Amino acid sequence: MSEEYEQPSEEHIETEREEEEEEPRYSEFRREEQPVPPPAPPPREAPAYAETRREEPVYAKKAIDPVVLDDEKAAEDEDEEEYIDRVKLRSYSSMILFFPSFIVSLTFGITQLLLNRYRGVPLDVTTVNSGYMDILGIIFFIFFSMNLILIAFDFNRARSIIIALLIVIVVGTFFLLNAIYSFLESIQLTMRVYFSTQVYFALAILLFVILVVTLIAAYTNYYIIEGNELLHRKGLLGGIERHPANNMTIIKEYPDIIEWGLFKFGTLILTPPRETKSIVLKNVPNIDKKEKAINEILSRLKVDIN
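Residue numbers (my numbering): 387 to 692.
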């Protein structure tokens with residue numbers, strides 16, 4: 387069975403040709419309407435910036451290294467300063483407690499001398515009514531008496547509490563009786579307590595000599611804990627006595643609370659091994675720091691021996 391092929395008409399062929407010719411024109415027109423992209427910006431200078439960025443860590447490292455080294459050296463120096471391998475122990479006589487009276491007598495002597503010259507008071511003051519001399523004399527008498535009591539007696543905790551309570555009771559009773567009977571108004575104090583300028587200076591010179599002798603004795607006769615030994619230097623020409631410091635017993639005491647509170651004085655009792663007699667050091671200044679340093683040396687020595 388044969389199929390019949392129909393040939394296209396001329397009109398149809400012409401319309402196809404027109405369509406083929408119009409398509410490229412339309413496509414060209416659409417291409418021409420497309421917007422032209424803007425030009426790309428010029429490239430930045432990246433290499434120079436990159437080079438500077440690479441060099442920054444190098445410079446920072448060079449600047450930090452010396453600081454770190456300085457800190458390490460400072461820390462090492464501090465460790466060396468804190469490392470204690472030697473302690474000196476000096477025991478002072480009780481006469482060292484006259485130091486406050488020496489200062490007060492010298493100060494009052496200079497003050498009274500200047501006041502006498504300003505007011506024209508002669509050296510013979512027995513017939514002169516000078517009120518400031520009585521005030522200075524009473525203050526000095528009270529201060530010197532308290533200094534003597536401090537040297538003569540040891541005020542431990544119990545005794546200090548008892549004395550403080552007695553003082554409060556006596557003073558309170560005195561003022562209570564005065565409020566009831568008013569007897570203070572009828573009492574006339576005829577005794578004058580004053581000291582001449584020469585007395586102040588003479589006492590200051592005497593106390594100065596006592597203090598100098600006390601310091602010389604303390605600085606020539608002392609103990610040293612160094613290494614594994616306890617050394618005793620006996621005066622200028624007395625030689626050196628050696629004791630072992632291994633397993634040495636140390637006892638710290640506060641026989642007088644007032645002395646410890648004012649001057650940081652205390653008593654150290656050292657008992658070297660294989661010794662039946664203990665070494666008693668009285669009036670050791672800064673006793674808490676001394677005990678801490680001794681314990682540090684002995685603990686380090688014990689670790690080294692072990």
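We put the CB at the ideal spot given by N, CA and C, even for glycine. This one's a predicted model, so the numbers in the text were calculated from it and none came from an experiment.
Item to check | Identity of the residue in E612, W646, R476 nearest N681 by Cα | outcome: For the purposes of this step, residue 681 is taken as residue 295 along the sequence shown, with counting starting at 1. For N681, the closest C-alpha among the options E612, W646, R476 is that of E612.
Item to check | Segments of 4+ residues assigned as alpha helix (DSSP H) that fall wholly inside the region 555–633 | outcome: Here the runs fully enclosed are 583–606.
Next on the checklist: At 4 residues or longer, what runs of the alpha helix (DSSP H) sit wholly inside the region 627–680?
Outcome noted: DSSP runs (the alpha helix (DSSP H)) wholly in the region 627–680: 643–649.
Checklist entry - Roughly how many whole angstroms lie between the Cα atoms of A603 and G621? => result On the sequence shown, residue 603 is found 217 positions in, with the first residue counted as 1. On the sequence shown, residue 621 is found 235 positions in, with the first residue counted as 1. When rounded, the distance between both Cα atoms is 7 Å.
Next on the checklist: Within 10 Å of its beta-carbon, does M519 have 16 or more other beta-carbons around it, so buried, or fewer, so exposed?
Outcome noted: On the sequence shown, residue 519 is found 133 positions in, with the first residue counted as 1. Buried is the call here.
Item to check | Check whether T600 and M634 have beta carbons under 8 Å apart | outcome: Against the sequence shown, residue 600 aligns to sequence position 214. Against the sequence shown, residue 634 aligns to sequence position 248. No. Outside cutoff.
Checklist entry - Are the region 551–560 and the region 491–498 in contact at 8 Å, needing three or more beta carbon pairs? => result Flag = no, the region 551–560 and the region 491–498 do not touch.
Next on the checklist: Under DSSP, the alpha helix (DSSP H) around L475 begins and ends at which residues?
Outcome noted: The residue labelled residue 475 in the question sits at position 89 within the sequence shown. No alpha helix (DSSP H) contains L475, which is instead part of the beta strand (DSSP E) from 472–475.
Checklist entry - Is it buried or exposed for D674, if we count other Cβ within 10 angstroms and need 16 for buried? => result Position 288 of the sequence shown, counting from 1, holds the residue named residue 674. The residue is exposed, with fewer than 16 neighbouring Cβ atoms inside 10 Å.
Checklist entry - Under the rule that 16 or more other beta-carbon atoms within 10 Å means buried, what is Y580, buried or exposed? => result For the purposes of this step, residue 580 is identified with residue 194 of the sequence shown, where counting begins at 1. Flag for Y580 reads buried.
Item to check | Supposed contact pair V666 and I655 - C-beta distance, whole angstroms, cut 8 Å | outcome: Counted from its first residue, the sequence shown places residue 655 at position 269. Counted from its first residue, the sequence shown places residue 666 at position 280. A Cβ-Cβ separation of about 5 Å places I655 in contact with V666 under the 8 Å criterion.
Checklist entry - If we ignore side chains and look at the alpha-carbon of each, how far apart do S480 and L563 end up? => result For the purposes of this step, residue 480 is taken as residue 94 along the sequence shown, with counting starting at 1. For the purposes of this step, residue 563 is taken as residue 177 along the sequence shown, with counting starting at 1. Using only the alpha carbons, I get a separation of about 39 Å.
Item to check | Buried versus exposed, by CB contacts within 10 Å (16 or more), K678 | outcome: Indexing the sequence shown from 1 puts residue 678 at position 292. Per the 10 Å Cβ criterion, exposed.
Item to check | Selection from I644, I643, L616 that minimises the alpha carbon distance to I683 | outcome: The residue given as residue 683 occupies position 297 in the sequence shown. If we check each option's Cα against that of I683, L616 comes out closest.
Item to check | Extent of the continuous alpha helix (DSSP H) run through Y504 | outcome: To locate residue 504, count along the sequence shown from 1; it is residue 118. First-last of the alpha helix (DSSP H) with Y504: 485–505.
Item to check | For N533, three-class secondary structure by DSSP | outcome: On the sequence shown, position 147 is the one that residue 533 refers to. Looking at N533 - three-state DSSP - the assignment turns out to be helix.
Next on the checklist: Pairs of beta-carbons, one from the region 588–598 and one from the region 537–548, closer than 8 Å: are there three or more?
Outcome noted: The region 588–598 and the region 537–548 do not touch, with fewer than 3 CB-CB distances between them shorter than 8 Å.
Checklist entry - For D520, which of helix, strand or coil comes out of DSSP? => result Your numbering for residue 520 matches position 134 in the sequence shown. In this structure, D520 counts as helix in the three-state DSSP scheme.
Next on the checklist: If distances are taken between C-alpha atoms only, which option among P659, I489, G624, S664 comes closest to N533?
Outcome noted: Numbered from 1 along the sequence shown, position 147 holds the residue referred to as residue 533. Ranking the options by Cα distance to N533, first place goes to I489.
Checklist entry - Exposed or buried, which one is F526 when buried takes at least 16 other CB atoms within 10 Å? => result Counting from one through the sequence shown, the residue named residue 526 turns up at place 140. Buried, by the Cβ-count rule.
Checklist entry - Which residues in the same chain have their Cβ closer than 7 Å to the Cβ of K638, if we skip the five residues on either side of it in sequence? => result Along the sequence shown, one-based indexing puts residue 638 at 252. Same-chain partners within the cutoff: G652, L654, I673, E677.
Next on the checklist: Classify G558: buried if its beta carbon has 16 or more other beta carbons within 10 angstroms, exposed otherwise.
Outcome noted: What you label residue 558 is simply residue 172 of the sequence shown in a count that begins at 1. G558 should be labelled exposed.
Checklist entry - For F539, which of helix, strand or coil comes out of DSSP? => result To locate residue 539, count along the sequence shown from 1; it is residue 153. Annotated three-state conformation of F539 is coil, per DSSP.
Checklist entry - Quick one: what does DSSP say S479 is sitting in, helix, strand or coil? => result As a position in the sequence shown, residue 479 is number 93, starting the count at 1. Here S479 sits in coil by DSSP.
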